[in-house]
Structures are given as C-alpha cells and as structure tokens.
Amino acid sequence: FWGGQAAVPFLKDAEVHVRFLVALPLLILAELVVHQRMRPLVQQFLERNLIPLTDLPRFEAAIASAVRLRNSVAAELVLIGLVYGFGIGVVWRYFLTLDATTWYATPGASGPELSLAGFWYWYVSLPLFQFLLLRWYFRLFIWARFLWQVTRIELSLIPTHPDRLGGLSFVSGQVYAFAVLAVAHGALLAGNLANRIFFTGATLTQYKAEIAIMVIFLLCLILAPLLVFAPQLSRAKRTGLREYGTLAERYVREFDTKWLRGGAPTGETLIGSADIQSLADLGNSFSVVQDMRIVPVTRDALLRLAGAALVPLLPLALTMMSLEELLKKLMGVLF
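One rule links them: number in this note's numbering = place in the sequence shown (from 1) + 372.
Spelled out as structure tokens, the structure:
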C-alpha cells in the first residue's frame, strides 16, 4: 500500500493526490464562485430592460425550470447510475488505468484486479469524484438550456449600445467565473500525465494532442452556450445598420442642403452651430453599430480560460527542462 512491491505505491501516485487534494476542492470551490456570479447575471436581464414586459412570465418560467433541474433528485440518481455503470465499469476500467501494478490494482486478463484499498478507491472515492464532475457537466447543460430559453424571447437589444453587444456584455463577462472549473480539469489531466511520465517512461510531448483536446473541450463546454445569442445579435445589427443608415442619410442630406447649398437661414453661422456636433455624434453611433459583434465571446476570454486550464500542466514541463530554462522561456513569451 505505502510502497511494497507495487510499481506505483500510494505515496507516489500523483494522479490520486491531485485528483482528491486539488481537483476535488476546486470543483467544490467552483460551485460557490459560479453560484455567486450567476444570480446577479440573471438579474441583469431585468435591470437592463432586455426582457419585454409581455415576456416576463416566460423569463420567470425559464428561471424556475433551471432551478428545478438543479435541485432534481431524479437527475442526481441518474448521474450516480452513470458513474457506476459507465464511468467506473467502462471508462476507468478499460481506458484510464495504468498498465502497471499499483497500490489499488494489478493488471489482469479480464481487467484490473483490485486490492483491499482498491475496493474503497474504486467503489467509494472515485465514484464520489466522478459524480461531482458529472454534476458539473449537468449544470453546464442547465446553464446552456437556460440561455437557449432566454433567446426564445425577442430580447430588446440596442445596436448603439457602447458594449458592442447590444447590452449583452454582462453575459460574456460571466465566463470568467468558470476559470476555477478549467483549472480543475487541467489539474486532473496533469495528475494523469504525471503518472504516465514517472512510471511508464512517457514524455510530455507525447501528449500534445490530449492537452489540445482538453483545452478545446473546455472552451467549447464553457463558451459554446453563448453562441445561442448570435442569431438575435446578428438580426439586431442588420436592423441597426438599416435604420441608422437611413437616419444618417436623411441627416447628411439636410446638412448638405443647409451648409453646402446655401440653405442656412440668414445670419446663422456654422461656427457655434450644434449641427457639426450632431453630425459627429451620428457618425459615432453608426460606427458603434458597424462594430457590433454577433458572438458574445472575446479573445480575452479564450486566452484566460485556456491559460487557466494549462497552468496545472506547467510543473510537468520540468520533466523536460530545468526550472531556469522554463522561466527563461516564460519570460520570453510574456515580455
């Protein structure tokens, strides 16, 4: 158990320690962080008058539906069934266990043969962790479903809103709350790769594809739900360009007639006239509409979430180079 004849003794099993001492607390912490951020987000739809009064019952129904799903005992029982039936019985048994003797199991013809400690790990500790992880995926599904239900309502988007998202920038800003979840996933992968590097002779570069897949998976998991706003944002932008284009056309023609074709009243001078400022303001408003984004996902969000997922993997770089070399490379990238 502590050392013995096992190729991977308990004290040296990096994956287990990272899973339960790092990733598990992070999953729990992420729940607190996201919960604190999501309640004000939902309120923002109302405070910004994005929901028409006639559609308030539909919006409140979407909130109630999300809360019911979050508190559903039946859903959690299904998750437990998935953990024991698929997570432990298939994925872990055939795809994630090391092909070496460990403190919890030894390789066998029909699958891993568990030790006494392995039974507790396999049927209690590991299922608990997988349940929390699956519950997170389920809550992300609830979040995506809620956003989709909100987009079934015709939102009152303003094309000239300075956030270039019709007033929806608060939604894209909430993705940062999921950074803790991204770190937990990165730690989980780092622990798994650490065991393979330390005990099977693998190198970090062998797992570039796995690392890339993990980052892409997380970005899609967290950011993809925001894409449901794209149709309404695109429609609002087209409408704004048409309406403000028509308004600008009318104004500049009147401005041209008045100040360039001799239509100004006798005695009225251009200097001090508010017409120039109005023309500039109209131009700025039209530029805002032109710059309006149709996807509420920013480059900054992509980089921060990807960085959060990759941070736990940095210590593994020390298996390929010294700390001094690693710091030099990081300084070169940053500066």
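We put the beta carbon where it would ideally sit given N, CA and C, even for glycine.
If you're wondering where the values come from, they're calculated on a predicted model, not measured in any experiment.
- If you pair each beta-carbon of the segment 567–581 with each one of the segment 596–616, do three or more pairs fall below 8 angstroms? Taking a cut-off of 8 angstroms for Cβ pairs, the segment 567–581 and the segment 596–616 do not touch, as fewer than three such pairs fall below it.
- Task: For the segment 531–574, list the alpha helix (DSSP H) runs that are entirely contained and at least 4 residues long, ordered along the chain.
- Result: Here the runs fully enclosed are 541–545, 551–572.
- Query: Is F601 closer than 8 angstroms to T523 when the C-beta atoms are compared?
  - Reply: If you number the sequence shown from 1, residue 523 lands on position 151. If you number the sequence shown from 1, residue 601 lands on position 229. In this structure, T523 places its C-beta atom within 8 angstroms of the C-beta atom of F601.
- Query: If we ignore side chains and look at the alpha-carbon of each, how far apart do I530 and A620 end up?
  - Reply: Mapped onto the sequence shown, residue 530 falls at position 158. Mapped onto the sequence shown, residue 620 falls at position 248. Each residue's CA atom was taken as its position, placing I530 and A620 some 17 angstroms apart.
- Task: Consider the C-beta atom of E626 and the heavy atoms of the ligand FMN; say whether any pair is separated by less than 7 angstroms.
- Result: For the structure depicted, the ligand FMN is absent and the ligand set is empty, with no information on it obtainable.
- Where do the N-terminal and C-terminal ends of the alpha helix (DSSP H) with T670 fall, by residue? The residue you call residue 670 lines up with position 298 of the sequence shown. Here T670 belongs to no alpha helix (DSSP H), and DSSP marks it neither H nor E.
- Span of the alpha helix (DSSP H) holding L383? The sequence position of residue 383 within the sequence shown is 11, counting from 1. Unbroken run through L383: none, as it is neither H nor E.
- Tell me where the alpha helix (DSSP H) around E448 begins and ends. Working through the sequence shown from its first residue, we reach residue 448 at position 76. Per DSSP, E448 belongs to the alpha helix (DSSP H) from 445–454.
- Which same chain residues, not among the five before or five after A673, have their C-beta less than 8 angstroms away from its C-beta? For the purposes of this step, residue 673 is taken as residue 301 along the sequence shown, with counting starting at 1. The beta carbon of A673 sits closer than 8 angstroms to those of S544, V547, Y548, L595, all from its chain and outside the five residues before and after it, given in chain order.
- Within 10 angstroms of its Cβ, does L675 collect 16 or more other Cβ (buried), or is it exposed? The residue labelled residue 675 in the question sits at position 303 within the sequence shown. Classification for L675: exposed.
- By a C-beta neighbour count over all protein chains shown, 10 Å radius and 16 as the cutoff for buried, is L686 buried or exposed? The sequence position of residue 686 within the sequence shown is 314, counting from 1. Counting Cβ neighbours within 10 Å, L686 comes out exposed, since fewer than 16 surround it.
- Task: Quick one: grab the DSSP three-state call for T473.
- Result: By one-based count along the sequence shown, residue 473 stands at place 101. Residue state, collapsed to three classes: coil.
- Are the segment 585–595 and the segment 617–633 touching by the rule of at least three beta carbon pairs closer than 8 angstroms? No: the two stretches stay apart, fewer than three of their Cβ pairs being nearer than 8 angstroms.
- Message: Does L690 pass the burial test, meaning 16 or more other C-beta atoms within 10 Å, or should it be called exposed?
- Response: As a working mapping, residue 690 is identified with position 318 in the sequence shown. The residue in question, L690, is exposed, as its Cβ has fewer than 16 Cβ neighbours within 10 Å.
- Just curious, the alpha helix (DSSP H) that L418 is in, first and last residue? Within the sequence shown, the letter at position 46 stands for residue 418. If you look at L418, you'll find it in the alpha helix (DSSP H) that goes 396–419.
- Q521 and A434 look like a contact to me (Cβ under 8 angstroms); what is the Cβ gap, rounded to whole Å? As a position in the sequence shown, residue 521 is number 149, starting the count at 1. As a position in the sequence shown, residue 434 is number 62, starting the count at 1. Indeed, because the Cβ distance is near 4 angstroms, the residues count as touching under 8 angstroms.
- Query: Per DSSP, E485 is paired with what?
  - Reply: For this step, residue 485 is matched to residue 113 along the sequence shown. Bridge partners of E485: T478.
- Message: Taking its Cβ as the centre, do 16 or more other Cβ atoms sit within 10 Å of P668, making it buried, or is it exposed?
- Response: Indexing the sequence shown from 1 puts residue 668 at position 296. Buried is the call here.
- Task: Could you check the C-alpha separation between A395 and R409 for me, to the nearest Å?
- Result: On the sequence shown, residue 395 is found 23 positions in, with the first residue counted as 1. On the sequence shown, residue 409 is found 37 positions in, with the first residue counted as 1. Distance between the alpha carbons of A395 and R409 is about 21 angstroms.
- Report back the beta-carbon spacing between F510 and L451 to the nearest angstrom; my notes put them in contact at under 8 angstroms. The residue labelled residue 510 in the question sits at position 138 within the sequence shown. The residue labelled residue 451 in the question sits at position 79 within the sequence shown. Contact flag correct, Cβ pair sits at about 6 angstroms.
- Query: From which residue to which residue does the alpha helix (DSSP H) around S528 run?
  - Reply: What you label residue 528 is simply residue 156 of the sequence shown in a count that begins at 1. Taken as a continuous stretch (DSSP letters only), S528 belongs to no alpha helix (DSSP H), as it is neither H nor E.
- In terms of residue numbering, what span does the alpha helix (DSSP H) encompassing Q521 cover? In the sequence shown, counting from the first residue as 1, residue 521 sits at position 149. It spans 498–523 - the alpha helix (DSSP H) in which Q521 sits, taken as one unbroken run.
- Query: Taking DSSP as the reference, what is the three-state secondary structure of V390?
  - Reply: Position 18 of the sequence shown, counted from the first residue, corresponds to residue 390. Of the three classes helix, strand and coil, the one that applies to V390 here is helix, per DSSP.
- Other residues of its chain near L354: CB distance less than 6 angstroms, five sequence neighbours each side excluded: Residue coverage of the chain in this structure runs from 373 to 707, which leaves residue 354 outside it and unanswerable.
- May I ask you to report which of helix, strand or coil DSSP gives L422? As a working mapping, residue 422 is identified with position 50 in the sequence shown. Coil, per DSSP.
- Which word fits V624, buried or exposed, when buried means at least 16 other C-beta atoms lie within 10 angstroms of its C-beta? Looking up residue 624 in the sequence shown gives position 252. Per the 10 Å Cβ criterion, exposed.
- Message: Less than 8 angstroms between C-beta atoms, sequence neighbours within five positions excluded: which residues of the same chain meet that for I400?
- Response: Your numbering for residue 400 matches position 28 in the sequence shown. Only L504 meet the Cβ criterion.
- For H389, collect the residues of the same chain with a Cβ closer than 8 angstroms to its Cβ; drop the 5 residues on either side in sequence, then sort them by chain order. In the sequence shown, residue 389 corresponds to position 17, counting from 1. Within the same chain, H389 has close Cβ partners G563.
- Query: Below 8 angstroms between beta carbons: does that hold for W475 and D385?
  - Reply: Locating residue 475 in the sequence shown gives position 103, where the first residue counts as 1. Locating residue 385 in the sequence shown gives position 13, where the first residue counts as 1. Result yes, Cβ atoms of W475 and D385 sit closer than 8 angstroms.
- Task: Figure out for me which residue from L488, L498, Q415, T572 has the closest Cα to the Cα of I460.
- Result: Position 88 of the sequence shown, counted from the start, is the residue given in the question as residue 460. It is L498 whose Cα lies nearest to the Cα of I460.
- Between the Cα of F550 and those of I569, L593, L506, spot the shortest distance and give me the residue it belongs to. By 1-based counting over the sequence shown, the position of residue 550 is 178. It is L593.
- Message: Alpha carbons only, please: which of A574, T670, F570, L599 is nearest the one belonging to V380?
- Response: On the sequence shown, residue 380 is found 8 positions in, with the first residue counted as 1. Checking every option, the nearest Cα to that of V380 belongs to F570.
- Best match in Q649, Y456, E615 for proximity to Q662 [C-alpha to C-alpha]: Position 290 of the sequence shown, counted from the first residue, corresponds to residue 662. Nearest neighbour of Q662 by Cα position, chosen from Q649, Y456, E615, turns out to be E615.
- Smallest Cα separation from H557: which of T532, L677, T426, Q415? Start at 1 with the first residue of the sequence shown, and residue 557 comes out as number 185. Each of T532, L677, T426, Q415 was checked against the Cα of H557, and the nearest Cα belongs to L677.
- Can you tell me where the alpha helix (DSSP H) with Y616 in it begins and where it stops? Counting from 1 along the sequence shown, the entry for residue 616 is found at position 244. Per DSSP, Y616 belongs to the alpha helix (DSSP H) from 602–631.
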